[in-house]
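Numbered per our numbering, the sequence shown spans residues 37 to 251.
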Amino acid sequence: MPQPLILAVPKGRILADALPLMARAGIVPEAGFGDENDRRLRFRTDRDGLELIRVRAFDVATFVAHGAAHLGIVGSDVIAEFAYAELYAPVDLDIGHCRVSIAEPAGLARDDDPTQWSHVRIATKYPNLTRRHFEARGVSAECVKLNGAMELAPTLGLADRIVDLVSTGRTLKDNGLIEVEVIAEVSARLIVNRPAFKTRPEVAALVEAFRGAVA
């Protein structure tokens, strides 16, 4: 009997939007999956041979790239940050819309011209994506890796600017920061492990089910 397929789904902001989409694709999790207070990480579904794991967004890409999960739902920001060769992203799920942006203190932004930057010190959880962006512009980027509380970095002197995920911009405003440039528009994607996609027909069937759910 083949091992069950594993679909990795992120905790946090994408989960609420992903649940109705999964239902349209014919995947209904067992009770508790949508409850962030349920501490289990692995769940059954009503679809034979398919189980879900609920992990951090950045870990979704790693689980799928290394074959521990066969499919996943994750933001295009995470895909771009890791750039795993083993990942294939066949479906834009049209949920989780936001952007990866550069922000700086309002006082600095008043007289700042991003086109004149030659060297920047950036606090971000996207060091790879950030470096590639600035390298393409011929700007030297020194990246300080943080996993959260990015908005504190400029006020405490850790970095002049930040690169972070922005939705409404409220958090930036509340911390005295201004969005000065968008690096990438983001939406959630269905990702699959390339070897699994080639060797397990059920993976391709799920890809088509998600395509139908989005359509």
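Every residue, glycine too, gets a C-beta built ideally from N, C-alpha and C.
The structure presented is a predicted model; accordingly, all values stated were derived computationally and were not measured.
- Three or more beta-carbon pairs separated by less than 8 Å are not found between the segment 231-245 and the segment 167-174, which leaves the two stretches without contact.
- A distance of 8 Å or more separates the beta carbons of His102 and Arg236.
- For Asp128, the secondary structure class from DSSP, reduced to helix, strand or coil, is strand.
- With three or more CB-CB distances shorter than 8 Å, the segment 200-211 counts as touching the segment 171-191.
- Apart from sequence neighbours up to five positions away, the residues of its chain that approach Tyr162 with a beta-carbon distance below 6 Å are Glu117, Val199, ordered along the chain.
- Assignment of Leu201 by DSSP, reduced to helix, strand and coil, places it in the strand class.
- Taken through DSSP and simplified to helix, strand or coil, Arg230 comes out as helix.
- Straight through space, the alpha carbons of Arg197 and Ala52 are spaced by roughly 31 Å.
- Take the alpha-carbon of Ala177 and the one of Val156: they are about 5 Å apart.
- Taking C-beta atoms as the reference points, Leu182 and Thr160 count as a pair closer than 8 Å.
- The beta carbon of Glu140 is closer than 8 Å to those of Asp148, Pro190, Asp196, Arg197, Ile198, Leu213, Ile214, Val216 in its chain, skipping five residues each way along the sequence.
- The C-beta separation of Val202 from Ser137 comes to about 5 Å, placing the pair in contact by the 8 Å criterion.
- About 18 Å separates the beta carbon of Glu72 from that of Arg80, a gap too long to meet the 8 Å contact definition.
- Residue range 49-60 is occupied by the alpha helix (DSSP H) that includes Arg49, with no beta strand (DSSP E) assigned at that position.
- The C-beta distance from Leu165 to Ile219 rounds to 7 Å, short enough to fall under 8 Å.
- By the Cβ neighbour-count rule, Ala44 is buried, with 16 or more other Cβ atoms within 10 Å of its own.
- In the structure shown, Ser112 adopts helical secondary structure according to DSSP, grouped into three states.
- Arg225 is not a Cβ neighbour of Val96, given a cutoff of 8 Å.
- By the C-beta density criterion, Ala93 is buried, having at least 16 other C-beta atoms within 10 angstroms.
- The DSSP-derived three-state label of Lys209 is helix.
- When the five nearest sequence neighbours on each side are left out, the beta carbons in the same chain lying within less than 6 Å of the beta carbon of Asp82 are those of Val64, in order along the chain.
- CA-to-CA, the gap between Ala245 and Arg146 works out to about 49 Å.
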